[in-house]
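Undergrad: The structure that follows is given in the form of C-alpha coordinates.
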(Lines of atoms letter the chains of each structure in order from A and count residues from 1; the text may use other names and numbers.)
(Lines give C-alpha, C1' and ligand atoms only; values in the text may rest on other atoms or scores of the structure.)
Protein backbone atom coordinates (compact mmCIF):
# COMPACT_ATOMS: atom_id res chain seq x y z
CA UNK A 1 0.00 0.00 0.00
CA UNK A 2 1.04 3.57 -0.66
CA UNK A 3 -0.08 6.42 1.61
CA UNK A 4 0.96 10.04 1.18
CA UNK A 5 0.30 12.19 4.24
CA UNK A 6 0.86 15.69 5.58
CA UNK A 7 0.59 16.92 9.17
CA UNK A 8 -3.04 18.01 8.81
CA UNK A 9 -4.14 14.41 8.26
CA UNK A 10 -1.81 12.75 10.77
CA UNK A 11 -4.65 12.11 13.22
CA UNK A 12 -6.40 9.77 10.78
CA UNK A 13 -3.44 7.42 10.39
CA UNK A 14 -4.22 5.17 13.41
CA UNK A 15 -7.60 4.27 11.84
CA UNK A 16 -5.95 3.55 8.49
CA UNK A 17 -3.35 1.44 10.30
CA UNK A 18 -6.05 -0.46 12.17
CA UNK A 19 -7.77 -1.26 8.87
CA UNK A 20 -4.55 -2.89 7.65
CA UNK A 21 -4.44 -5.08 10.75
CA UNK A 22 -7.91 -6.35 9.89
CA UNK A 23 -6.91 -7.50 6.41
CA UNK A 24 -7.43 -11.16 5.60
CA UNK A 25 -4.64 -10.94 3.00
CA UNK A 26 -1.35 -11.45 4.89
CA UNK A 27 1.28 -10.34 2.39
CA UNK A 28 1.53 -6.58 2.29
CA UNK A 29 3.89 -3.68 2.86
CA UNK A 30 2.71 -0.19 3.84
CA UNK A 31 4.79 2.66 2.45
CA UNK A 32 3.94 5.91 4.23
CA UNK A 33 5.50 8.96 2.60
CA UNK A 34 5.45 12.23 4.53
CA UNK A 35 4.87 15.45 2.60
CA UNK A 36 6.17 18.47 4.49
CA UNK A 37 7.24 18.59 8.14
CA UNK A 38 7.53 14.99 9.40
CA UNK A 39 7.50 15.47 13.18
CA UNK A 40 3.76 15.27 13.91
CA UNK A 41 3.21 12.37 11.53
CA UNK A 42 6.12 10.41 12.99
CA UNK A 43 4.79 10.95 16.50
CA UNK A 44 1.39 9.55 15.51
CA UNK A 45 2.87 6.53 13.72
CA UNK A 46 5.03 5.78 16.75
CA UNK A 47 2.15 6.15 19.21
CA UNK A 48 -0.14 3.76 17.31
CA UNK A 49 2.60 1.16 16.87
CA UNK A 50 2.89 1.38 13.09
CA UNK A 51 6.47 2.65 13.23
CA UNK A 52 7.55 -0.54 15.02
CA UNK A 53 5.99 -2.94 12.49
CA UNK A 54 8.48 -4.44 10.06
CA UNK A 55 5.95 -4.26 7.22
CA UNK A 56 5.79 -0.47 7.46
CA UNK A 57 8.24 1.75 5.58
CA UNK A 58 8.26 5.45 6.50
CA UNK A 59 10.00 8.06 4.38
CA UNK A 60 9.99 11.84 3.98
CA UNK A 61 11.44 14.38 1.57
CA UNK A 62 11.30 17.36 3.96
CA UNK A 63 9.43 19.84 1.77
CA UNK A 64 5.73 20.11 0.93
CA UNK A 65 5.42 19.23 -2.76
CA UNK A 66 1.90 17.80 -2.85
CA UNK A 67 0.39 14.37 -2.36
CA UNK A 68 0.87 13.33 -5.98
CA UNK A 69 4.63 13.85 -5.71
CA UNK A 70 4.75 12.02 -2.37
CA UNK A 71 2.84 9.05 -3.79
CA UNK A 72 5.13 8.84 -6.79
CA UNK A 73 8.25 8.86 -4.63
CA UNK A 74 6.75 5.98 -2.64
CA UNK A 75 5.79 4.21 -5.88
CA UNK A 76 9.42 4.36 -6.98
CA UNK A 77 10.37 2.37 -3.89
CA UNK A 78 7.70 -0.30 -4.41
CA UNK A 79 8.88 -3.72 -5.60
CA UNK A 80 5.66 -5.73 -5.30
CA UNK A 81 3.71 -6.26 -8.56
CA UNK A 82 0.48 -4.86 -7.09
CA UNK A 83 0.05 -1.37 -5.61
CA UNK A 84 -2.94 -0.28 -3.52
CA UNK A 85 -3.44 3.40 -2.79
CA UNK A 86 -4.75 4.22 0.69
CA UNK A 87 -5.44 7.87 1.42
CA UNK A 88 -4.38 8.86 4.94
CA UNK A 89 -7.95 9.64 6.00
CA UNK A 90 -9.56 6.50 4.53
CA UNK A 91 -9.78 2.87 5.61
CA UNK A 92 -9.79 -0.44 3.75
CA UNK A 93 -12.57 -2.97 4.22
CA UNK A 94 -11.25 -6.16 5.90
CA UNK A 95 -11.33 -8.21 2.70
CA UNK A 96 -10.13 -5.47 0.36
CA UNK A 97 -6.62 -6.70 -0.39
CA UNK A 98 -7.71 -10.33 -0.75
CA UNK A 99 -10.65 -9.48 -3.00
CA UNK A 100 -8.78 -7.09 -5.27
CA UNK A 101 -5.59 -9.14 -5.61
CA UNK A 102 -7.72 -12.24 -6.18
CA UNK A 103 -9.57 -10.51 -9.00
CA UNK A 104 -6.30 -9.54 -10.68
CA UNK A 105 -4.97 -13.08 -10.30
CA UNK A 106 -8.13 -14.42 -11.95
CA UNK A 107 -7.90 -11.86 -14.78
CA UNK A 108 -4.20 -11.66 -15.70
CA UNK A 109 -4.82 -9.30 -18.63
CA UNK A 110 -6.51 -6.68 -16.41
CA UNK A 111 -4.40 -3.74 -15.28
CA UNK A 112 -6.43 -2.68 -12.26
CA UNK A 113 -9.26 -3.75 -9.94
CA UNK A 114 -11.67 -1.70 -7.86
CA UNK A 115 -14.71 -2.32 -5.66
CA UNK A 116 -17.48 -0.34 -4.02
CA UNK A 117 -16.68 2.58 -1.73
CA UNK A 118 -18.74 3.18 1.39
CA UNK A 119 -18.90 6.69 2.82
CA UNK A 120 -17.66 6.76 6.43
CA UNK A 121 -19.33 9.54 8.39
CA UNK A 122 -18.21 11.14 11.65
CA UNK A 123 -20.74 9.14 13.68
CA UNK A 124 -19.37 5.87 12.28
CA UNK A 125 -22.24 5.37 9.85
CA UNK A 126 -21.32 3.59 6.61
CA UNK A 127 -23.37 4.39 3.52
CA UNK A 128 -22.93 2.71 0.15
CA UNK A 129 -23.02 4.94 -2.90
CA UNK A 130 -24.64 3.38 -6.00
CA UNK A 131 -22.29 2.49 -8.84
CA UNK A 132 -22.70 4.20 -12.19
CA UNK A 133 -21.48 1.14 -14.13
CA UNK A 134 -22.27 -2.58 -13.64
CA UNK A 135 -19.82 -4.88 -11.86
CA UNK A 136 -17.62 -7.12 -13.99
CA UNK A 137 -14.97 -6.54 -16.66
CA UNK A 138 -14.31 -2.93 -17.67
CA UNK A 139 -13.28 -2.41 -21.28
CA UNK A 140 -10.56 0.06 -22.20
CA UNK A 141 -11.99 3.56 -22.17
CA UNK A 142 -15.31 2.47 -20.66
CA UNK A 143 -14.96 4.63 -17.55
CA UNK A 144 -14.27 7.81 -19.53
CA UNK A 145 -17.23 7.13 -21.83
CA UNK A 146 -19.56 6.42 -18.88
CA UNK A 147 -18.40 9.55 -17.09
CA UNK A 148 -18.77 11.79 -20.14
CA UNK A 149 -22.27 10.46 -20.85
CA UNK A 150 -23.38 11.26 -17.27
CA UNK A 151 -22.26 14.90 -17.36
CA UNK A 152 -23.45 17.42 -16.26
CA UNK A 153 -25.86 15.54 -13.98
CA UNK A 154 -23.10 13.45 -12.37
CA UNK A 155 -19.71 15.07 -11.91
CA UNK A 156 -18.05 12.20 -10.01
CA UNK A 157 -16.23 9.39 -11.85
CA UNK A 158 -18.13 6.08 -12.25
CA UNK A 159 -16.00 4.27 -9.63
CA UNK A 160 -14.09 5.63 -6.64
CA UNK A 161 -10.52 6.38 -7.76
CA UNK A 162 -9.07 6.27 -4.22
CA UNK A 163 -9.78 2.55 -3.87
CA UNK A 164 -8.06 1.19 -6.99
CA UNK A 165 -5.51 -1.63 -6.84
CA UNK A 166 -3.05 -1.27 -9.70
CA UNK A 167 -0.54 -3.46 -11.38
CA UNK A 168 2.66 -1.59 -10.68
CA UNK A 169 3.74 -1.78 -14.32
CA UNK A 170 0.60 0.03 -15.47
CA UNK A 171 1.10 2.79 -12.91
CA UNK A 172 4.62 3.31 -14.25
CA UNK A 173 3.38 3.37 -17.85
CA UNK A 174 0.98 6.25 -17.09
CA UNK A 175 3.70 8.11 -15.19
CA UNK A 176 2.38 7.47 -11.69
CA UNK A 177 -0.17 9.75 -10.07
CA UNK A 178 -1.04 12.84 -12.08
CA UNK A 179 0.08 16.34 -11.10
CA UNK A 180 -3.46 17.66 -10.73
CA UNK A 181 -4.18 19.02 -7.25
CA UNK A 182 -7.14 17.33 -5.60
CA UNK A 183 -7.82 14.92 -8.47
CA UNK A 184 -4.51 13.07 -8.72
CA UNK A 185 -6.18 9.69 -8.40
CA UNK A 186 -9.08 10.54 -10.73
CA UNK A 187 -6.77 11.62 -13.56
CA UNK A 188 -4.64 8.52 -13.06
CA UNK A 189 -7.71 6.28 -13.14
CA UNK A 190 -8.94 7.76 -16.42
CA UNK A 191 -5.48 7.47 -17.99
CA UNK A 192 -4.89 3.93 -16.77
CA UNK A 193 -8.36 2.74 -17.75
CA UNK A 194 -7.78 4.08 -21.28
CA UNK A 195 -4.76 1.80 -21.64
CA UNK A 196 -5.91 -1.34 -19.85
CA UNK A 197 -9.00 -3.36 -19.07
CA UNK A 198 -10.09 -3.52 -15.44
CA UNK A 199 -12.31 -5.43 -13.04
CA UNK A 200 -15.11 -3.91 -10.96
CA UNK A 201 -16.03 -6.06 -7.95
CA UNK A 202 -19.52 -6.13 -6.51
CA UNK A 203 -18.18 -5.87 -2.95
CA UNK A 204 -17.13 -2.90 -0.78
CA UNK A 205 -13.36 -2.46 -0.56
CA UNK A 206 -12.93 1.15 0.63
CA UNK A 207 -14.28 3.23 3.50
CA UNK A 208 -14.14 6.82 2.27
CA UNK A 209 -14.09 9.19 5.22
CA UNK A 210 -16.32 12.28 4.92
CA UNK A 211 -15.01 15.34 6.78
CA UNK A 212 -14.79 19.09 6.30
CA UNK A 213 -11.04 19.18 5.68
CA UNK A 214 -11.17 16.90 2.64
CA UNK A 215 -9.02 18.29 -0.16
CA UNK A 216 -11.16 16.54 -2.77
CA UNK A 217 -14.08 18.75 -1.69
CA UNK A 218 -12.17 22.01 -2.17
CA UNK A 219 -12.97 23.85 -5.39
CA UNK A 220 -10.61 25.86 -7.55
CA UNK A 221 -10.86 27.94 -10.71
CA UNK A 222 -9.11 25.52 -13.06
CA UNK A 223 -10.52 25.91 -16.58
CA UNK A 224 -12.81 23.23 -17.96
CA UNK A 225 -11.62 20.70 -20.52
CA UNK A 226 -13.01 17.83 -22.52
CA UNK A 227 -12.86 14.13 -21.69
CA UNK A 228 -11.35 12.23 -24.60
CA UNK A 229 -11.90 8.60 -25.57
CA UNK A 230 -9.06 6.09 -25.84
CA UNK A 231 -9.20 5.72 -29.63
CA UNK A 232 -5.77 5.15 -31.15
CA UNK A 233 -4.02 4.47 -27.83
CA UNK A 234 -2.07 1.18 -27.88
CA UNK A 235 -3.17 -1.36 -25.24
CA UNK A 236 -1.19 -1.97 -22.09
CA UNK A 237 0.50 -5.35 -21.58
CA UNK A 238 0.61 -6.60 -17.97
CA UNK A 239 3.72 -8.71 -18.60
CA UNK A 240 6.59 -8.20 -16.16
CA UNK A 241 9.42 -6.03 -17.50
CA UNK A 242 12.74 -7.73 -18.36
CA UNK A 243 14.63 -8.89 -15.32
CA UNK A 244 11.56 -9.37 -13.13
CA UNK A 245 10.97 -12.94 -12.05
CA UNK A 246 7.27 -12.51 -11.29
CA UNK A 247 7.61 -14.69 -8.18
CA UNK A 248 5.99 -12.05 -5.96
CA UNK A 249 2.49 -12.51 -7.43
CA UNK A 250 -0.12 -11.57 -4.86
CA UNK A 251 2.12 -9.28 -2.85
CA UNK A 252 0.82 -5.76 -2.35
CA UNK A 253 3.35 -2.99 -1.84
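In my numbering, the protein residues as written are 6 to 258.
Glycine included, every Cβ here is placed at the ideal spot set by N, Cα and C.
All values derive from a computational prediction rather than experimental measurement.
Just reading off the beta strand (DSSP E) that residue 209 is part of, what are its end residues?
TA: 203–214
Undergrad: For residue 21, which three-state DSSP category applies?
TA: helix
Undergrad: Does DSSP put residue 164 in a helix, in a strand, or in coil?
TA: In this structure, residue 164 counts as coil in the three-state DSSP scheme.
Undergrad: Are the CB atoms of residue 104 and residue 206 nearer to each other than 7 Å?
TA: yes
Undergrad: Cβ atoms of residue 46 and residue 120: under 7 Å apart, would you say?
TA: No.
Undergrad: Any idea if residue 8 is buried or exposed, counting beta-carbon neighbours within 10 angstroms, 16 or more meaning buried?
TA: Burial check for residue 8: the Cβ neighbour count within 10 Å reaches 16 or more, so the residue is buried.
Undergrad: Helix, strand or coil for residue 26? Go by DSSP, reduced to three states.
TA: helix
Undergrad: For residue 165, which option in 77, 137, 14, 158 has the closest C-alpha, if you only look at C-alpha atoms?
TA: 137
Undergrad: Considering Cα atoms alone, identify which of 200, 42, 133 is closest to residue 114.
TA: 200
Undergrad: Can you tell me which of 155, 25, 43 puts its alpha carbon nearest to the alpha carbon of residue 58?
TA: Looking only at 155, 25, 43, the smallest Cα-Cα distance to residue 58 is reached by 25.
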